[in-house]
Structure formats: structure tokens, C-alpha cells
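Residue numbers (this note's numbering): 48 to 223.
Here's the structure we're looking at; comments come further down.
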Ligand SMILES: NC(=O)c1ccc[n+]([C@@H]2O[C@H](COP(=O)([O-])OP(=O)(O)OC[C@H]3O[C@@H](n4cnc5c(N)ncnc54)[C@H](OP(=O)(O)O)[C@@H]3O)[C@@H](O)[C@H]2O)c1
């Protein structure tokens with residue numbers, strides 16, 4: 048089972064403002080930078096409850112028929128999404144991935160700040176793709192957080208785009 052991260056941040060490392068605004072990110076994800084290809088490669092999207100709540104403010108459900116798992120210890124109202132394959136789960140990151148693998152998934156896309164951090168802490172992310180948007184916002188919801196030990200990365204490639212986006216892909220190396 049592979050698990051990957053693919054997200055956009057300000058140059059100072061924030062994925063959203065404190066009030067969840069995403070206005071500093073380009074509309075519609077900006078210049079094409081490989082998201083569609085990445086999204087096509089995953090068979091399940093695992094998002095934190097706070098990211099789910101933000102997505103529910105969008106005009107339309109953006110994930111189509113892709114299987115989506117919302118992580119929450121509480122109640123999540125999925126009534127408006129009856130037509131889509133969305134479920135709620137809770138548990139340790141390793142258990143979540145085990146359950147998804149037992150259900151036939153082989154590549155999970157992990158999204159949401161705290162959620163990404165918990166999967167990184169558990170050593171469960173293999174690929175990390177961060178696209179930096181050329182802006183500093185000073186404060187916000189961070190992509191990264193504390194770790195029990197360093198997580199060494201292997202730089203795979205960096206691509207810069209005319210609009211100023213800089214996408215870097217890393218492989219997470221197994222901690223020594
Ligand atoms: N720039 C980008 O690419 C990007 C990408 C994704 C998200 N975002 C933004 O990031 C913000 C949200 O990030 P965030 O760090 O605040 O939160 P988050 O990771 O989206 O959600 C955190 C919540 O997820 C639930 N959760 C996480 N792991 C769990 C587990 N193992 N078991 C059960 N529940 C679990 C908990 O919900 P409960 O409290 O309900 O238990 C927790 O409070 C939003 O503004 C979103 O728009 C930006």
C-alpha cells in the first residue's frame with residue numbers, strides 16, 4: 048500500500064489561512080502542474096474532517112467518483128453526498144491504511160494538515176509532492192509539524208512553472 052501527499056503551500060509553508068481561506072492559492076489549482084495525473088493514480092483519497100468541511104463549502108463535490116474517506120472521531124454528515132463513494136473512518140493511521148488495503152486499495156492520497164502530519168509521524172507516506180505558490184502569508188495552517196525523529200527525504204525532481212509555481216517531489220526514506 049502506497050500513501051502520497053500532493054499539496055500546495057505558500058513559500059512559508061502554509062496550506063490555508065487560520066480561517067481556512069485559500070485565497071492565496073491560484074484559482075482552480077493554477078497552471079497545470081500534474082495534479083490530474085497524480086489524482087488519476089490514486090484509488091482512495093483520505094482527508095481530515097476540517098478539510099472535508101472546507102470542501103463542502105465549494106460549489107460542487109470536486110472528487111467525482113473517486114473513493115473518499117473522511118477521518119473523524121465525531122459525526123460527519125454525508126447526506127448531501129449519497130451519490131458519491133464517501134465514508135467516515137477513525138483510527139490510527141496504520142489501521143486506516145490496513146483497512147483500505149484489505150478493501151482493495153493500493154495507493155492512497157492523504158490530505159489535510161494535521162492528517163498529513165500524523166501519517167508522516169507514523170512513517171506511512173512514501174511520496175511527498177509540494178507545490179509552492181510565490182507568496183508569504185506570515186501565518187496560517189502549517190503543512191508540517193513536530194516529528195519524533197528526522198525523516199530523511201530523497202529529492203526526486205523540481206519543476207518550475209511560468210506562473211511561478213515550484214513543484215518539488217520527494218521520496219520519504221525509511222527512518223534509520
Ligand atoms: N493547500 C492545500 O493543498 C490544502 C490541502 C488540504 C487541506 N487544506 C486546508 O487545510 C485546512 C485543514 O487542515 P487541518 O490541519 O486544520 O485539518 P485536517 O487534517 O483536514 O483535519 C483534522 C481533523 O481530521 C480528523 N482526523 C485526522 N486524523 C484522524 C484519525 N486518524 N482518526 C480520526 N480522525 C482523524 C480529526 O477530526 P475530528 O476533530 O472530527 O475528530 C481532526 O481534527 C483547511 O483549511 C483546508 O482547506 C489545504
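Using N, Cα and C, we set each Cβ at its ideal position, and we do this for glycine too.
Given the structure is predicted, the values throughout are model-derived calculations rather than measurements.
Buried or exposed: residue i, going by 16 or more other Cβ atoms within 10 Å of its Cβ?
i           : result
residue 195 : exposed
residue 138 : exposed
residue 140 : buried
residue 99  : buried
residue 89  : buried
residue 149 : exposed
residue 158 : buried
residue 107 : exposed
residue 87  : exposed
residue 130 : exposed
Which same chain residues, not among the five before or five after residue i, have their C-beta less than 8 angstroms away from its C-beta?
i           : result
residue 176 : 51, 52, 53, 54, 81, 85, 214, 215, 216, 217
residue 210 : 73, 77, 78
residue 188 : 61, 62, 63, 64, 65, 67, 160
residue 123 : 96, 99, 117, 135
residue 225 : Shown here, the chain extends from 48 to 223; a query on residue 225 therefore has no answer.
residue 103 : 127
residue 147 : 48, 91, 93, 116, 155
residue 169 : 139, 140, 141
residue 56  : 62, 177, 178, 179, 180, 190
Can you round the beta-carbon distance between residue i and residue j to whole angstroms, since I take them to be within the 8 angstroms contact cut?
i           : j           : result
residue 117 : residue 91  : 11 angstroms between Cβ atoms; not a contact.
residue 95  : residue 174 : Rounded, the Cβ-Cβ distance is 19 angstroms, inconsistent with contact.
residue 48  : residue 200 : Not really, about 20 angstroms apart at Cβ, beyond 8 angstroms.
residue 203 : residue 156 : Not confirmed; about 17 angstroms, so no contact.
residue 125 : residue 135 : 7 angstroms
residue 71  : residue 184 : 5 angstroms
Here's a check: name, in chain order, each residue in its chain whose Cβ is nearer than 7 angstroms to the Cβ of residue i, leaving out the five neighbours to either side.
i           : result
residue 67  : 101
residue 181 : 58, 211
residue 164 : 191, 192
residue 207 : 213
residue 83  : none
According to DSSP, simplified to helix, strand and coil, what is residue i?
i           : result
residue 127 : helix
residue 44  : Outside the displayed span of the chain (48 to 223) sits residue 44, for which this structure offers no information.
residue 78  : coil
residue 106 : coil
residue 183 : coil
residue 200 : strand
residue 215 : strand
residue 166 : helix
residue 158 : strand
residue 99  : helix
residue 88  : helix
residue 175 : strand
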